Amino acid sequence: MIEWLTSMWEAVSQAFQGIPFEVMGVWTLTVCLLLAGLIGSVLPLVPGPLLLFMAGIIHTLLLPEAGMSWQGIVLLSVWLVVAYVVDFAAGAMGARWFGASRWGIAGVFVGGIVGLFFAPLGFILGPLAGGLLFELLFAKKRMAPAVKSTWGTLLGTGVGLIARLAISFAMVATVLMDILWW
1 MIEWLTSMWE AVSQAFQGIP FEVMGVWTLT VCLLLAGLIG SVLPLVPGPL LLFMAGIIHT
61 LLLPEAGMSW QGIVLLSVWL VVAYVVDFAA GAMGARWFGA SRWGIAGVFV GGIVGLFFAP
121 LGFILGPLAG GLLFELLFAK KRMAPAVKST WGTLLGTGVG LIARLAISFA MVATVLMDIL
181 WW
């Protein structure tokens, strides 16, 4: 048993002696940025797609011989733009689809900012309460249309979150496939 452990330890130490630690450090940084980007694509205030983009760029700058190709960087840039366009438009489109006024959309924005101070529940309830209150107080809507437009905001934001997460997985796949296979 001890001979087996000794031989296993020697094999592992031999494997690590052959790897330059600079490469391990770059890969550790890349993987950490990719994981933070995936988490950030779901959490508010964390720029998930931007962290994923930075993972590919920083890996390429630190290891140019094993970095991304220019085609991969272009594709990653397109994914980044699409992620932010979808993120920006999803809540507003959902609200508009269900009849929100400009006041309701402004309320969602204000409620989102106020909700930041009451995390984590405020991230969800803030925009909803803000949209509903602004629809009732400033747009002078009755309760049923105001609730309908608030529901549209929630639905649009949820669809945007799912789309942003899917785009983030596509960005991770682009980075890893370009670095490892292309």
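Counted from 1, the sequence shown has number 150 at position 150 by the numbering used here; the numbering is strictly sequential. Think of the CB as a built atom: it goes at the ideal place given N, C-alpha and C, for glycine as much as any other residue. Every value quoted in this text rests on a predicted model; they were computed, and no experiment measured them.
Legend entry - Same chain only: Cβ atoms within 7 Å of residue 115, ignoring 5 sequence neighbours per side: As a first step, residue 115 is located in the sequence shown; it is residue number 115 there, counting from the start. Result list for residue 115: 122, 123, 125, 126, 127, in chain order.
Legend entry - Residue-level contact to chain D via CB, residue 113, 9 Å cutoff: This model lacks chain D altogether; it includes just one protein chain.
Legend entry - Nearest-angstrom Cα separation, counted from residue 76 out to residue 156: Along the sequence shown, one-based indexing puts residue 156 at 156. Along the sequence shown, one-based indexing puts residue 76 at 76. Their backbone Cα atoms lie some 25 Å apart in a straight line.
Inset, instruction - Compare the Cα-Cα distances from residue 136 to each of 158, 72, 108 and report the closest residue. - result: Taking the first residue of the sequence shown as 1, we reach residue 136 at position 136. The shortest C-alpha separation from residue 136 is found at 108.
Inset, instruction - For residue 164, name the three-state secondary structure that DSSP assigns. - result: Here residue 164 corresponds to residue number 164 of the sequence shown, with the count starting at 1. DSSP places residue 164 in helix when its eight states are reduced to three.
Inset, instruction - Could you pull out every residue in the same chain whose Cβ sits closer than 7 Å to the Cβ of residue 154, ignoring the five residues on either side in sequence? - result: The residue you call residue 154 lines up with position 154 of the sequence shown. Within the same chain, residue 154 has close Cβ partners 128.
Inset, instruction - With a 10 Å radius around its C-beta and 16 neighbouring C-beta atoms as the bar for buried, classify residue 95 as buried or exposed. - result: Within the sequence shown, residue 95 is the residue found at index 95, counting from 1. Answer is buried; the Cβ neighbour count reaches 16.
Inset, instruction - Please list the segments of the alpha helix (DSSP H) lying wholly inside the segment 76-150, counting only runs of 4 or more residues, in order along the chain. - result: 102-115, 121-137
Legend entry - Contacts around residue 46, its chain only, beta-carbon distance under 8 Å, and the 5 residues preceding and following it disregarded: Within the sequence shown, the letter at position 46 stands for residue 46. Result list for residue 46: 36, 39, 40, in chain order.
Inset, instruction - Would you mind working out which of 49, 181, 20, 22 sits nearest residue 88, comparing C-alpha positions? - result: Start at 1 with the first residue of the sequence shown, and residue 88 comes out as number 88. Closest option to residue 88, Cα to Cα, is 49.
Legend entry - Unbroken stretches of the alpha helix (DSSP H), 4 residues or longer, contained in the segment 19-72: 21-40, 48-62
Inset, instruction - Can you give me the start and stop residues for the alpha helix (DSSP H) that residue 8 sits inside? - result: As a working mapping, residue 8 is identified with position 8 in the sequence shown. Residue 8 -> alpha helix (DSSP H) spans 2-17.
Inset, instruction - Using beta-carbon positions only, say whether residue 90 and residue 167 come within less than 9 Å of one another. - result: Here residue 90 refers to the residue found at position 90 when the sequence shown is read from its first residue. Here residue 167 refers to the residue found at position 167 when the sequence shown is read from its first residue. No.
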